[in-house]
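Step one of this worksheet: look at the structure below.
2 protein chains.
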Amino acid sequence: MLVVDDQAVVRAGFAAIVDAEPDLTVVGEAGDGASAVELAGREAPDVVLMDIRMPGMDGLTATRLITAPESGPRVLVLTTFDLDAYVYEALRAGASGFLLKDAQPEELLTALRVVASGDGILAPAVTRRLIDTFAQGAPPPPVVTGALGGLTPREREVLLHIASGLANAEIAAALGVTTGTVKTHVNALLTKLGLRDRVQATILAYESGLIRPRGAPAG
Amino acid sequence: MLVVDDQAVVRAGFAAIVDAEPDLTVVGEAGDGASAVELAGREAPDVVLMDIRMPGMDGLTATRLITAPESGPRVLVLTTFDLDAYVYEALRAGASGFLLKDAQPEELLTALRVVASGDGILAPAVTRRLIDTFAQGAPPPPVVTGALGGLTPREREVLLHIASGLANAEIAAALGVTTGTVKTHVNALLTKLGLRDRVQATILAYESGLIRPRGAPAG
DNA sequence: GGCGGTCTCTACCCTGCGGTAGAGGCTCCG
DNA sequence: CGGAGCCTCTACCGCAGGGTAGAGACCGCC
């Protein structure tokens with residue numbers, strides 16, 4: 001198995017959990033998407049445990065590349081954030097599973113074995129939302145190119161302003177356009193990301209690292 | 001001058017900037033509110049450069065204590081977040097000035113000298129908002145006990161749900177009350193914090209550390 | 001040239017949110 | 001006991017926000 005996470009401690013933690021199992025072995029670790037792709041090609045692991053948020057190449061892009069070959073490794077995406085946009089994107093990118101980081105260690109191990117066997121697995125909460133989505137006769141997952149990558153420059157700009165707490169009228173003033181135009185961008189952006197409102201967009205901005213709390217991380 | 005910030009690097013940075021000035025001297029550093037109060041009493045600096053967000057006793061409480069004595073030091077509050085609630089609180093706590101961390105070094109030095117001389121100073125953006133507020137015939141600053149401290153337990157709970165991206169109806173379902181009740185709490189909470197809408201509340205939740213991004217801080 | 005994507009704007013609709021006011025029941029505390 | 005604070009609910013209002021549709025202008029690319 002290959003562990004991919006930009007935080008060394010997290011990586012080590014997962015590796016320790018996995019290595020304690022007799023039937024599972026960590027064959028490598030990577031701190032970013034590019035190294036992950038390279039290592040996956042070199043070590044040919046059965047499974048890659050992939051974090052989404054990483055500097056440089058993100059986990060979704062790496063997943064796309066790793067799962068491109070017909071007989072490539074299976075990828076289990078592990079994230080701390082469960083917005084729909086991520087789930088859809090991960091599955092579209094070729095992931096075999098999607099787990100949240102608050103999962104129990106046993107769940108993680110089970111998921112790894114399930115994915116290794118070729119089956120798919122999703123976190124319970126994620127599964128329920130997907131079911132709800134389809135039950136409501138919702139159209140197939142919104143097309144997203146990559147967490148935030150699918151947005152146009154203007155849309156990303158608007159997203160930043162949203163996440164700064166600005167109202168549409170204020171964003172319009174800041175950009176020198178009409179509020180109608182801002183609404184168009186907001187709508188496009190929410191649709192692309194699979195979000196409901198600007199609050200979720202704000203959360204995504206923080207959770208995705210687009211915006212980082214400026215205060216101290218201590219406390 | 002006394003530098004108070006929980007991040008050692010930030011502290012060192014400010015100290016370096018200040019010490020390079022012939023007319024300014026750093027007489028001490030503190031990493032939390034309690035040490036700041038103690039040091040302020042011991043060193044009797046002219047000015048205290050105070051960060052708001054700190055583990056343990058926060059900067060506002062420390063400011064309150066430090067400025068309590070008639071001839072106590074002047075306090076220049078430096079924050080990375082400019083929500084109205086902080087500004088009002090800081091001024092009510094006895095601060096002589098309020099600067100944002102994205103200020104230029106020269107602005108910081110100027111502010112320090114101005115505050116040391118007994119005058120008050122505010123960041124331009126902050127000043128404009130205060131003027132706007134008063135221009136609109138707005139009542140005196142909302143009474144806030146301390147960033148998030150003034151909220152009732154229920155209100156904090158609602159704030160957490162807001163910052164999780166839930167709509168009022170969903171919060172109501174989660175708490176087992178009517179949406180009307182949730183709206184009451186939301187309204188009370190926004191008013192107490194001096195915020196306009198739930199997006200700003202969400203931002204505050206992140207910036208205040210109430211919620212911490214679950215993703216990696218790298219990137 | 002034609003096509004696709006982006007940015008811009010307009011118009012309309014409806015819902016959820018935010019603001020205000022009042023009111024009843026509860027607990028804690030002086 | 002009486003008051004204060006909190007939680008709860010109701011009702012109403014206005015508006016910003018979100019959904020949908022269409023349309024013109026610009027640019028880069030085939």
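Protein chains in written order, with this note's numbering: chain A, 1 to 219; chain B, 1 to 219. Backbone N, C-alpha and C fix where the C-beta goes; we use that ideal spot for every residue, glycine too. In this text, all values refer to a predicted model and were calculated from it rather than measured experimentally.
Answer with yes or no whether the minimum CB distance from residue i to chain B is below 7 Å.
i: Leu199 of chain A; result: Note that residue 199 of chain A is Val in the sequence shown, not Leu. It does; some Cβ of chain B falls within 7 Å.
i: Gly165 of chain A; result: yes
i: Glu29 of chain A; result: no
i: Ile171 of chain A; result: no
i: Glu107 of chain A; result: no
i: Glu38 of chain A; result: no
Please name the residue in the options whose C-alpha comes closest to that of residue i.
i: Asp5 of chain A; options: A:Ala173, A:Met50, A:Asp197, A:Leu159; result: A:Met50
i: Val26 of chain B; options: B:Glu38, B:Ala34, B:Val3; result: B:Val3
i: Ala205 of chain B; options: B:Ala95, B:Val87, B:Leu159, B:Ala40; result: B:Leu159
i: Ile162 of chain A; options: A:Leu189, A:Ala44, A:Thr202; result: A:Thr202
i: Glu207 of chain A; options: A:Arg53, A:Val47, A:Gly176, A:Asp46; result: A:Arg53
i: Ile17 of chain A; options: A:Lys183, A:Leu109, A:Ala174, A:Arg212; result: A:Leu109
i: Thr152 of chain A; options: A:Glu43, A:His185, A:Leu122; result: A:His185
i: Met1 of chain A; options: A:Pro73, A:Ser35, A:Arg156; result: A:Pro73
i: Arg11 of chain A; options: A:Ser71, A:Leu175, A:Pro22, A:Gly31; result: A:Gly31
i: Leu175 of chain A; options: A:Arg154, A:Leu189, A:Leu190, A:Thr191; result: A:Arg154
i: Ile211 of chain B; options: B:Glu157, B:Ser35, B:Leu122, B:Asp23; result: B:Glu157
i: Asp23 of chain A; options: A:Ser35, A:Ala167, A:Val114, A:Leu190; result: A:Val114
i: Asp197 of chain A; options: B:Ala167, B:Glu106, B:Val182, B:Glu21; result: B:Ala167
Which partner residues does residue i have in the DSSP bridge list?
i: Ile121 of chain B; result: B:Gly97
i: Asp51 of chain B; result: B:Leu78
i: Glu29 of chain B; result: B:Val3
How would you call residue i, buried or exposed, if buried means at least 16 neighbouring beta carbons within 10 angstroms?
i: Asp119 of chain A; result: exposed
i: Pro69 of chain A; result: exposed
i: Gly41 of chain B; result: exposed
i: Glu29 of chain A; result: buried
i: Asn187 of chain A; result: exposed
i: Gly194 of chain A; result: buried
i: Pro213 of chain B; result: buried
i: Ala15 of chain B; result: buried
i: Gly180 of chain A; result: exposed
i: Ala44 of chain B; result: exposed
i: Gly209 of chain B; result: buried
Answer with yes or no whether the minimum CB distance from residue i to chain A is below 7 Å.
i: Tyr86 of chain B; result: no
i: Leu66 of chain B; result: In the sequence as presented, Leu is not what sits at residue 66 of chain B; that position holds Ile. No, no contact with chain A.
i: Pro45 of chain B; result: no
i: Thr202 of chain B; result: yes
i: Glu157 of chain B; result: no
i: Glu89 of chain B; result: no
i: Pro213 of chain B; result: yes
i: Glu21 of chain B; result: no
i: Asp132 of chain B; result: Note that Asp132 of chain B scores 47 on pLDDT, short of 50, meaning its location in the model is unreliable and no value can be drawn from it.
Hey, would you say residue i sits closer than 7 Å to residue j, going by beta carbons?
i: Gly97 of chain A; j: Thr63 of chain A; result: no
i: Gly59 of chain B; j: Val199 of chain A; result: no
i: Gly33 of chain B; j: Thr61 of chain B; result: yes
i: Val75 of chain A; j: Thr67 of chain A; result: yes
i: Asp19 of chain A; j: Ala116 of chain A; result: no
i: Ala172 of chain B; j: Thr178 of chain B; result: yes
i: Ala90 of chain A; j: Leu99 of chain A; result: no
i: Gly150 of chain B; j: Lys192 of chain B; result: yes
i: Val37 of chain B; j: Leu65 of chain B; result: yes
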